[in-house]
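Enquirer: Note that this note's numbering has the sequence shown beginning at 228, numbered continuously upward. Glycine residues also receive a C-beta, built at the ideal position from the N, C-alpha and C atoms. Remember, predicted model here, so these are calculated numbers, not experimental data.
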Amino acid sequence: MSTRTTLASLPFRDPRLPVAKRVDDLLSRLTREEKIGFLHQFAPAVERLGVAAFRTGQEALHGVAWMGAATVFPQAVGLGATWNTDLVRRVGDAVSKEVRAMAAGDDRVGLNVWAPTVNLLRHPLWGRNEEGYSEDPKLTSAIATAYTRGLRGDDPARWRTAPVLKHWLAHNNETDRAVMSVSVRPRVLHEYDLRAFRETVEAGAVAGVMPAYNLVNGRPNHVSPYLREHLRTWTEQDLLVCSDAGAPSNLVDAEHYFDTHEEATAAALLAGVDSFTDHGTDGSRIAARVRGALERGLLTEADLDSAVRRQLSVRVRLGEFDPEGGTHAAAFDTPAHRALAQEAAEQAIVLLKNSDNLLPLPRGARVAVAGPLADECKLDWYSGTLLHRSTPLSGLRERFGADRVEYAEGVDRVLLKTSDGRFVHVPQAAADGAVRGAEGALDPALLTGRTDLPALTVSARGTELSLVDWGEGVLTLRAPDGRYLSVAEDRRVRASADQPGGWVVQETFRLEPHERGHLLRHLGTGHLLHVAADGLKVAADGEEIAGTCGQNAGEVFEVVVVERGEDAVRRAAARADVVVVVAGNDPHINGRETEDRTTLALPAHQERLLRAARAANPDTVLALVSSYPYALDHAEIPALLWTAHGGQAAGTALARVLAGDVSPAGRLPQTWYAGDFDLPALSDYDIIGSRQTYLYFEGTPLFPFGHGLSYASFSYDGLRTRVEDGTVHASCTVANTGGATADEVVQLYGRAVGSPLPRPRRELLAHRRLSLAPGEVARVAFEVPVPAFAFWDVALGRERVAPGAYEILLGASSEDVRLTTTLHLDGEPGTPRPVTTGGVEAADYDEQRGTRLVDRTKTSGDAVTPVDGGTGHLTFWDCDFGPGAAGITVEAAGEGRVECALGDGPVLAALDLSPGTAGPYAYTTVSAPVAVPAGVHEVRLTLRGGIRLARVGFAG
């Protein structure tokens, strides 16, 4: 009998056996060293068992990313804007088939996909806004569940891919993301941040999660007890937890949370991390750390078994050990996938405003298309390479005819003049020097960083460059052939990139005023440009280059404007019937992974272009193509649309909506605020206390959550509700009263009436996107479990539905409510906290001011401390002292004071912790007499200094 036959007969290769038995069999055959090897992202092969190498991690946020050409669908926030779970499931299905097709011919392509991102879009300045679906947990979970179901495939026993949710938990800032701790109170944790993950996991289509870089309440997410306490209780399925890249080392190197990597690795493994993404393809360092942890008694082999078991469970479900790898559907760049990319792009477009029915554009109109995004099809960090490319300009020319569509990009065309009177010159590349990809497009993966192209020089006759101002002082420079100026590893400046891109963008610059002109700083390196004998270059760290004003001072340039972008826009606008200004962002600039935005404002140059177009032609449409919301004055803009970067069919989709071939029906997945003044600090995660998102925001938004207009009109009628068998049933009739077939998104919200504690102004309970022909009427029904109306009761430490009145609201957005009614839910009455028997956890406050949450220990629990060692205040409502209390006890660490008062009354007791008990985890108990009368009282605690308060108790 051959070895091959013997291996094929092993139980773990028998698809007839249950998954658990197959996993048990394979696990029992692995040596300890083989198990250790499996803990790294790149698990080596076990040839003696015929087990191939395996990698966790294939990016697939909106198509297969980083592996070359693939179908590119709209950004995740655009998929969220469709509010269409069926569509998103089909997108996930297409992506998973392309993963399978690509994996068949490229062993770099993994079947464990790191998608989707379910972090809630709490704050619109987050750099990774493009990666999430919505600010609302219900909508986010619905879209994420649809996408994961598509990624996994229809067979629950044989997965096409294994989707992992990102990024666990409360992750919404890029600034200091690897070291920042965010404070998340229990209500926000349970009602908001956990909820999107929970509902998606409970739906049953998820393979696992990836922890985020940041710390929550002082503890890194990669050692979060919530993985154990919450995630793994939501399903009986083995969930795979994959670390984020480099995060295991961060526990020691950046965060200094542990003293040694052995301690950190053991803690992460015990917390629930199963696969360590660190040091690229080199697994030896993680293996050495695991061995060290075993030798020190920090881990046991049983701990390794738990992690490896969860990995093997995923690999079995992927069919890896089935005969010939199982049977899985695979398809790549099919006509169906191309049509789906266009359908998704169309459904993601949101019509924000349409005064006087300027849209759709009249048949036969002469259209001027202007703006820096007008002839662009931008990709982001998690995009694949385009197989097909459609821009707004090409889409409109195809739809209206090339002779009826005029183009003005609207960027300044400039010459850069040096201090000695010469000009920057872009040499011709031999044989064009360009590497061209699909449909003649330059391939950025091949162009960026090239050193075989000639560097820029200076000469008596310069090259006219397109200066694109992206706002916040960031600009790009483009040569006449379309290539962007870029800096490669040799520090020379070349026209070598099709688009800005890369982990560190090498195509962005900043002009810095100088008394004789401007210095030009390269943002990727942080250095100034110099004119050297061998061309234009930036200095390397430590390198000295003589500049105009001394060593490393940089060349002083005069920016000679050949033509202002506004002038070109005015000319084109004046000749047109309608102007379409396409503005927005480049996903690699001013807001992306590693970089938060600093403002909601539209870049000033784009504002000027818009004003120029509007002055020349009042019939101006603004189409915003962006990864995030903007704040802008739209009073003078008759028509306004928004779409996320829409992938390969973006231009065709926009043109079809503008022409009226498709009625827009996208809806905003997050609030558009009127200005930066509406926003709290990006690091403030307390959506309740700072009144964030549509759930709590009390101001007037620019455009509300769920907003979106149509070319049709819809009426709502006949709202009916009832409560039966623990379910709220709500239904209404929706009719298309317009003249065009169109989609409507019916949105159901709920609100607790007269709640004594802060509850959402309204909260999305369910939604339905449906298509109706003119005159067509449909009955739309929803079923909402009563627990959906619950809140997290800090006094009980669990969810509770409060008895009382609840308003049911049906309409077209969170603010466009068409039908309302009120119903009564029995619920569970609240009771005062019995503080003399159970005490109070400090983190379970009802209100706070000037405090933050920190880790009680390195493995579990929360404590409260004043911000920056100052003074903080905690309030606990409805504390039941029974017959009264005669003593107070605090459990705390650090040095400082705790003062206790009832309501607005005087301080009843003050307890000091001395320097002898200092230390973040050196908790001690301090008591003092106190006279608290019988009854229910509000307790106020004042914390001073560096104290870390864990618990307060009262003795009767």
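1. Return helix, strand or coil for P845, following the three-state DSSP convention.
2. Does DSSP put K580 in a helix, in a strand, or in coil?
3. Shortest alpha-carbon distance to R1027 belongs to which of A635, L704, H417 and V345?
4. Does the beta-carbon of F784 have 16 or more other beta-carbons within 10 angstroms, so that it is buried, or is it exposed?
5. Tell me the rounded alpha-carbon separation between V662 and E260.
6. If you count every other CB in all the chains shown that lies within 10 Å of the CB of G648, and 16 or more means buried, which is it?
7. Closer than 7 Å by C-beta to P928: which residues in its own chain qualify, once you throw out the five before and the five after it? Chain order, please.
8. Below 8 Å, can you find three or more Cβ-Cβ pairs linking the stretch 490-502 to the stretch 451-469?
9. Within its chain, find whatever has a CB closer than 6 Å to the CB of M407; leave out the 5 residues flanking it on each side and keep chain order.
10. Pairs of beta-carbons, one from the stretch 864-884 and one from the stretch 620-632, closer than 8 Å: are there three or more?
11. Give a yes or no on whether the C-beta atoms belonging to A858 and L827 are separated by under 8 Å.
12. Quick check on Q488: buried or exposed, where buried means 16 or more other Cβ atoms within 10 Å of its Cβ?
13. Tell me the rounded alpha-carbon separation between G1162 and A1155.
14. Let's see if you can read the secondary structure: which residues bound the beta strand (DSSP E) around H745?
15. Take V479 as the anchor and find which of T462, W353, R978 and H449 has the nearest alpha-carbon.
16. Return helix, strand or coil for I370, following the three-state DSSP convention.
17. Using beta-carbon positions only, say whether L606 and T684 come within less than 8 Å of one another.
18. Please name the residue or residues paired with L1184 in a DSSP beta bridge.
19. Going by C-alpha to C-alpha distance, which of P1056, A795, A472 and G611 sits closest to E636?
20. Near R802, which residues of its chain fall below 6 Å by C-beta distance, leaving aside the five closest residues on each side in sequence?
21. Going by the beta-carbon positions, is the gap between L288 and L234 smaller than 8 Å?
22. Mind checking whether L600 and L643 have CB atoms under 8 Å apart?
23. Are the beta-carbon atoms belonging to S1041 and Y976 less than 8 Å from one another?
24. For E1126, report the span of its beta strand (DSSP E) as first-last.
25. Distance check for T1151 and N311, CA to CA, integer angstroms please.
26. Buried or exposed: where does H483 fall if 16 or more other Cβ atoms within 10 Å of its Cβ makes it buried?
27. Counting only the same chain and skipping the five closest in sequence on each side, list residues whose C-beta sits under 7 Å from that of V1062.
28. Quick one: Cα of A1090 to Cα of G1097, how far?
29. In chain order, which continuous runs of the beta strand (DSSP E) of length 3 or greater are located wholly inside the stretch 1031-1107?
30. Just curious, the beta strand (DSSP E) that S723 is in, first and last residue?
31. Using three-state DSSP, classify L467 as helix, strand or coil.
32. Assign V980 to buried or exposed, taking buried as 16 or more other Cβ atoms, counted over all protein chains shown, within 10 Å of its Cβ.
33. What is the DSSP secondary structure of T233, reduced to helix, strand or coil?
34. Going by beta carbon distance, what residues of the same chain come within less than 6 Å of L352, once the five residues before and after it are set aside?
35. To which residues does DSSP link D944 through a beta bridge?
36. List in chain order: all unbroken beta strand (DSSP E) runs of 3+ residues lying wholly within the stretch 846-886.
Expert: For this structure:
1. coil
2. strand
3. H417
4. buried
5. Confidence is the limiting factor: at V662 the pLDDT is only 35, short of 50, which leaves the residue's position unreliable and the question unanswerable from this model.
6. exposed
7. T898, W899, Y900 and A901
8. yes
9. N441
10. yes
11. yes
12. The question names Gln, but residue 488 in the sequence shown is His. So H488 ends up on the buried side.
13. 20 Å
14. G744 to H749
15. H449
16. helix
17. no
18. No statement about residue 1184 is possible, as the shown extent of the chain runs from 228 to 1183 and does not include it.
19. A795
20. none
21. no
22. no
23. yes
24. G1123 to L1129
25. 54 Å
26. exposed
27. C1106, D1107, F1108 and F1181
28. 16 Å
29. 1031-1038, 1044-1052, 1074-1076, 1078-1082, 1089-1093 and 1098-1107
30. V720 to A724
31. strand
32. exposed
33. helix
34. D823, R824 and L909
35. T960
36. 847-852 and 866-870
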